[in-house]
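Residue numbers (my numbering), protein chains in the order written: chain P, 4 to 217; chain E, 4 to 217.
From the three backbone atoms N, C-alpha and C, an ideal C-beta is built for every residue, glycine too.
For reference, the structure is listed below as structure tokens.
There are 2 protein chains.
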Amino acid sequence: MAKKTHKSPEQARDAILDAAEQIVVQVGPAGLRISAVAKKAGMAHPNIIHHFGSREGLLNSLANRMGERATHRITEAIKTAVDAPAQGKAAAMTQVLDTAYPGDEGRAAVWMHLSGAESSLKENMQQIVELSHQLRKTVSEDADLEHTNRLVMLVTLALVGEVVSGQGIKEALGFAEDNRAHFRAWLAEILLNLPDDQLSTSLDINHSIPQNHK
Amino acid sequence: MAKKTHKSPEQARDAILDAAEQIVVQVGPAGLRISAVAKKAGMAHPNIIHHFGSREGLLNSLANRMGERATHRITEAIKTAVDAPAQGKAAAMTQVLDTAYPGDEGRAAVWMHLSGAESSLKENMQQIVELSHQLRKTVSEDADLEHTNRLVMLVTLALVGEVVSGQGIKEALGFAEDNRAHFRAWLAEILLNLPDDQLSTSLDINHSIPQNHK
DNA sequence: ATCAGTATTTACAGAACTGTCAACAAGGTT
DNA sequence: AACCTTGTTGACAGTTCTGTAAATACTGAT
Numbered sequence: 004m005a006k007k008t009h010k011s012p013e014q015a016r017d018a019i020l021d022a023a024e025q026i027v028v029q030v031g032p033a034g035l036r037i038s039a040v041a042k043k044a045g046m047a048h049p050n051i052i053h054h055f056g057s058r059e060g061l062l063n064s065l066a067n068r069m070g071e072r073a074t075h076r077i078t079e080a081i082k083t084a085v086d087a088p089a090q091g092k093a094a095a096m097t098q099v100l101d102t103a104y105p106g107d108e109g110r111a112a113v114w115m116h117l118s119g120a121e122s123s124l125k126e127n128m129q130q131i132v133e134l135s136h137q138l139r140k141t142v143s144e145d146a147d148l149e150h151t152n153r154l155v156m157l158v159t160l161a162l163v164g165e166v167v168s169g170q171g172i173k174e175a176l177g178f179a180e181d182n183r184a185h186f187r188a189w190l191a192e193i194l195l196n197l198p199d200d201q202l203s204t205s206l207d208i209n210h211s212i213p214q215n216h217k
Numbered sequence: 004m005a006k007k008t009h010k011s012p013e014q015a016r017d018a019i020l021d022a023a024e025q026i027v028v029q030v031g032p033a034g035l036r037i038s039a040v041a042k043k044a045g046m047a048h049p050n051i052i053h054h055f056g057s058r059e060g061l062l063n064s065l066a067n068r069m070g071e072r073a074t075h076r077i078t079e080a081i082k083t084a085v086d087a088p089a090q091g092k093a094a095a096m097t098q099v100l101d102t103a104y105p106g107d108e109g110r111a112a113v114w115m116h117l118s119g120a121e122s123s124l125k126e127n128m129q130q131i132v133e134l135s136h137q138l139r140k141t142v143s144e145d146a147d148l149e150h151t152n153r154l155v156m157l158v159t160l161a162l163v164g165e166v167v168s169g170q171g172i173k174e175a176l177g178f179a180e181d182n183r184a185h186f187r188a189w190l191a192e193i194l195l196n197l198p199d200d201q202l203s204t205s206l207d208i209n210h211s212i213p214q215n216h217k
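Listed below in structure tokens is the structure:
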């Protein structure tokens, strides 16, 4: 009845991915039904299999698209933070944390990761570490790369944790609604003000004397 | 053929929960099939429904049991850290982080949380904050409770992040296998050595002067 | 020992979902 | 205009899973 205007493969795939992303954000990857995606995208469900091969193929494509978009947002935010003047560093750093995983999208990304979806995490993370190290060097020139590594890991883990459980933990700790952004700003400033020598622990001393005597 | 020795309801429930926990750790809550649980527990699947009402009831019971066990472990670890002597603080603090979410169990717990399972998070978190504040006061007596709140939030989020994505991020950053525990020790020492005044940011100053002129 | 209660099982009903197949339709190409 | 490629669809097959129902077996109490 309705006109079936044939879309180009790219258009069709994008429309399907848009619909799938909305659903995954709500119900998680395991709850995604291709019939629901088809309904939201306004088509019959075999069309989705035609474009993505299978339900799993759709989930992998979606995970990749979300990962690429997130990486692009994060790297752009870090770049602007690198170029920011000294008095604007804290705000720019906060911006980095804010754009890393905006809202429910990040939650869905982590969820998909748990469910085994593929994504090009490795290359992305190394790019992020490099940029972060540039950013740290704009604050203290003798910044240690190993410390940057660990700080990036800490921030990344905290961000992952926040998008997963941030809401619940915030409520459990009695934080007000707007304190979630406040927490990110607090974390950003602390990270910037951490002197590099404070990141060297006694463990590093032990670690710098490996016991290689065979 | 095999003797069907009738267990007490408690024994049966425990056996089922044990089997379910092993499976959830592997495949996540969405992938849990009560037939698989029954097979691992050595019984027929309707018996599980008889004891838990439904598949969802089983998942909720499991989430509660895991949450209670984790809370117990964490609070005990913090208590010993409170009583630890000064030179043993760092090691005790590391122990707290290590016992918080041991391995795959924590991953499953977060996964279940994402899938909407109920758990008594709120009461547990407040108890943990109180103990953590006691621990901080053994290091610096004038520790601010608000800072403890934020630190607990940071650590909790980082731990959640680690159990969820720690493996992948570690690999992406090129960390060796044993550096995962190393990261926790590093974080523990940093947390203990953070002076309280360094946790006060310019935001707190702004925040203490609210703009209420209407 | 008999009986009541319930833990346990076998068989089955019902629903939901993925993927297949054949047919149709739209859009560009010759 | 005829045609070919392919996006699109309706109907269907097959599988898998949850929950139900009735029968059975174990255990403790009287």
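query	result
Counting pairs of beta carbons, one from the stretch 138 to 147 of chain P and one from the stretch 69 to 79 of chain P, are three or more of them closer than 8 Å?	no
Counting pairs of Cβ atoms below 8 Å between the stretch 103 to 117 of chain E and the stretch 106 to 124 of chain P, do you hit three or more?	yes
Rounding to the nearest angstrom, what Cα-Cα distance links residue 56 (chain E) and residue 13 (chain E) in this structure?	15 Å
What residues of chain P sit near residue 169 (chain E), judged by a beta carbon separation below 8 Å?	160
Quick check on residue 144 (chain P): does DSSP put it in helix, strand or coil?	coil
Do three or more CB pairs link the stretch 39 to 58 of chain P to the stretch 14 to 26 of chain P at distances below 8 Å?	yes
Is residue 156 (chain P) helix, strand or coil by DSSP?	helix
Touch check for the stretch 170 to 178 of chain E and the stretch 149 to 161 of chain E: three-plus C-beta pairs under 8 Å?	no
Verify the CB distance criterion: does residue 62 (chain P) have a CB-CB separation below 8 Å to chain E?	no
Counting along the chain, where does the alpha helix (DSSP H) carrying residue 109 (chain P) start and finish?	107 to 117
Does residue 200 (chain P) pass the burial test, meaning 16 or more other C-beta atoms within 10 Å, or should it be called exposed?	exposed
Got a sec: which bits of the stretch 106 to 119 of chain P sit with their beta carbon under 7 Å from any beta carbon on chain E, in order along the chain?	113, 114, 116, 117 and 118
Go ahead and label residue 209 (chain P) buried or exposed: buried means 16 or more other beta carbons lie within 10 angstroms of its beta carbon, across all protein chains shown.	Low confidence applies to residue 209 (chain P): its pLDDT is 48, below 50, so where it sits in the model is not reliable enough to give any reading.
Would you say residue 142 (chain E) faces chain P, with C-beta separation under 8 Å as the test?	no
Once the 5 residues before and after residue 99 (chain P) are set aside, which same chain residues still bring their CB inside 6 Å of it?	80, 81 and 84
If you measure from the beta carbon of residue 14 (chain P) to each beta carbon in chain E, is any gap under 8 Å?	no
When burial is assigned at 16 or more other CB atoms within 10 Å of the CB, is residue 36 (chain E) buried or exposed?	exposed
Looking only at its own chain, which residues have a Cβ that is under 8 Å from the Cβ of residue 16 (chain P), when we skip the five neighbours before and after it?	54, 55 and 64
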